[in-house]
Amino acid sequence: MRHRFRDLPLRSRLALLTALAVAVAVAVCSGVAWFLVRGQLTSSVDETLRSSRVDAPPLIARVQTGPCVTDPDQLPSDLPRPPLGFVTQVVNADGDRCLIQGSALLDVSDTDVAVAQGRSPESLHDATGSDGASYRVVTRQLASGYAVTVARPLSEVDDPLRSLAVVLALVAAGGVVGAAGVGVALARAGLRPVDRLTEATEHIARTEDLSVRIPVTGDDEIARLSRSFNSMTAALASSRELQQQLIADAGHELRTPLTSLRTNIELLARSEETGRPLPPEDRRQLMASVTAQLTELAALIGDLQELSRPERVAGSGRVEVVALHEVAARAVARARPRAPQGMPIDAELDPWFVRGEPAALERVVVNLLDNAVKFGAEGRDPRAGVDVVLRDGVLLVRDRGPGIPAEELPHVFERFWRAPGARRLPGSGLGLSIVARTVRESGGDITLRPARDGAGGTEAVLRLPGAPVPPPEG
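In UniProt numbering, the protein residues as written are 1 to 474.
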């Protein structure tokens, strides 16, 4: 049954649940109403019985002097007739009964005998008559050793209750049917935004058109779902656009070294085919150019592989405590041989411990130093060198190159972006993008700015959360 319910469409389930909820509510209300009416009718009969008056002396004389009548048809005509529907009989202490008025003889209960024996002042209960009908009975003491029982048929209660039950059943049935119809209407109205969402999803799956947006009105759950869907499609569209842009930029960047490689290799092949070898110096320069281009291709492919990796949330992944000052010292040692002759790289590194990946953080510092060396060599005085300072968790790499114009600073961390004045220099434009990504994954931040001392050049400012002493182990 549960699986059948789950197999139903959502509209049918909502309509069914609405009808079921209304049915339960109507059933509870009908039951409460029925019991309340039954209690009121029974109380009314009880009050009528208690308020009935019995002339005791004639009844006692009848029981004591005349024969006790146990057949309603043998009642003497000289006795007064009770009101319509009443039954009166006398019960003695032995439990014998004598019909005085009415059309049926009532069963005698133990409580009736207790009243006749004087052990109880009154008895109020239901009893069955000799005619098979049910009666509501009140028994009071008549005299010593005698009690009088006055009763009315319970049909006065049962007949209205049956009619009420029929009316309540019809009302409940109508309410359930109406609730089912209202449930269907509400389900259709409530699920209309879901239908739009489904249509949009199917359209995207069919056409791969991520520009679809769902109109959002209100601030309810459906509106939140629609906003989330729109945000998701916008993020997917942006991701696809970035992917396409990455492919286009990568193709453009790969084309230049590949074209140069092809030209150099064709030149070498032609010299071998024609039997006119190149001069040794030209051949040496050509092979050096090929080696440099292969190195550039390898670096570019490595950068692309790094950028193709999904970006992690800060603090996730495999991290460990890293001595940033040691990482920076190793990066400086790697950068010095690549610096132009006469360009010093000065380092002042205070202890600072962070959490991250040692290799990735070392690559960050190496990239920053490579940029500083490359652009510092373009300055007015290449011998001015590069300064590397780590103090209070802030790593500053400062060159003395021509600097970066203010309008170009917002773009320096974009993939494949290169300043117009730097396009003649080697590089793919991915180094700072990798730097920014690694720093974000480590929970820090990186900025580039003009040198604060006014002497020209650029400062790269790297901040990583940490402490001057390593955290305790354990």
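Even for Gly, the Cβ is constructed at its ideal location relative to N, Cα and C.
The structure presented is a predicted model; accordingly, all values stated were derived computationally and were not measured.
Item, Value
"Classify L229: buried if its beta carbon has 16 or more other beta carbons within 10 angstroms, exposed otherwise.", "Residue identity check: residue 229 is Phe in the sequence provided, not Leu. So F229 ends up on the buried side."
"Under three-state DSSP, which class holds S134?", "strand"
"According to DSSP, is E156 part of a helix, a strand, or is it coil?", "helix"
"Report the residue from P153, L17 and A235 whose alpha carbon sits nearest the alpha carbon of D126.", "P153"
"Can you tell me whether P193 is buried or exposed, with buried defined as 16 or more other CB within 10 angstroms of its CB?", "buried"
"So for D282, helix, strand or coil by DSSP?", "helix"
"Which value, in whole angstroms, describes the spacing of the CA atoms of P215 and A234?", "14 Å"
"Within a Cβ cutoff of 7 Å, which residues of the same chain sit near G444, ignoring the five residues on either side of it in sequence?", "L462, R463, L464 and P465"
"Less than 7 Å separating the beta-carbons of I345 and V332?", "yes"
"Determine the extent of the alpha helix (DSSP H) in which residue 477 is found, giving its start and end residues.", "A query on residue 477 cannot be resolved here, the shown segment of the chain reaching from 1 to 474 and no further."
"For S130, which residues from the same chain have a beta carbon less than 6 Å from its beta carbon, with the 5 sequence-adjacent residues on both sides left out?", "A104 and L105"
"Excluding five sequence neighbours on each side, which residues of the same chain lie with their C-beta closer than 6 Å to the C-beta of V150?", "L49, S52, T88 and V138"
"In terms of residue numbering, what span does the beta strand (DSSP E) encompassing E348 cover?", "I345 to L349"
"Out of D399, G178, P470 and R440, which has the shortest C-alpha to C-alpha gap to D453?", "D399"
"On a Cα-Cα basis, can you pick out the residue from E202, A172, L349 and V115 that is closest to D392?", "L349"
"Tell me the DSSP secondary structure of V212 in three-state form.", "coil"
"Between E407 and L448, what straight-line distance do the alpha-carbon atoms span, to the nearest angstrom?", "12 Å"
"Look up R424 in the DSSP assignment and say whether it is helix, strand or coil.", "Note that R424 has pLDDT 48, beneath the 50 cutoff, so the model's placement of it is unreliable and the number below is only indicative. If DSSP states are grouped into helix, strand and coil, R424 belongs with coil."
"DSSP on V364, reduced to helix/strand/coil?", "helix"
"For A460, which residues of its own chain have a beta-carbon under 6 Å away from its beta-carbon, when the five flanking residues on both sides are left out?", "L368, V397 and L448"
"In this structure, does DSSP put R334 in helix, strand or coil?", "helix"
"Our contact map puts A133 next to A116 with C-beta atoms below 8 Å; I'd like the distance itself, whole angstroms only.", "Not a contact, Cβ separation roughly 24 Å."
"My understanding is that L286 touches N264, with C-beta atoms under 8 Å, so please give their C-beta distance in whole angstroms.", "5 Å"
"Taking the straight line between their C-alpha atoms, what separation do you get for T274 and L261?", "20 Å"
"For G129, list the residues DSSP reports as bridge partners.", "L106"
"With DSSP run on the structure shown, which of helix, strand or coil describes A329?", "helix"
"Considering only C-alpha positions, which residue in the set A143, T438 and L20 is nearest to V319?", "T438"
"Can you tell me whether L124 is buried or exposed, with buried defined as 16 or more other CB within 10 angstroms of its CB?", "exposed"
"Could you please give the first and the last residue of the uninterrupted beta strand (DSSP E) stretch that includes V469?", "No beta strand (DSSP E) holds V469; DSSP gives it neither H nor E."
"When we look at the beta-carbon of L395 and count the other beta-carbons within 10 Å, is it buried (16 or more) or exposed?", "buried"
"Return yes when the Cβ of A179 is within less than 7 Å of the Cβ of A19, no when it is not.", "yes"
"Which partner residues of A205 appear in the DSSP bridge assignment?", "None, per the DSSP bridge assignment."
"Quick check: what's the CA-CA separation for V182 versus V22?", "11 Å"
"Between the beta-carbon of V386 and the beta-carbon of P358, is there less than 7 Å?", "no"
"If you draw a straight line from the alpha carbon of L142 to that of R162, how long is it in whole angstroms?", "36 Å"
"If distances are taken between C-alpha atoms only, which option among V26, G403 and F375 comes closest to L170?", "V26"
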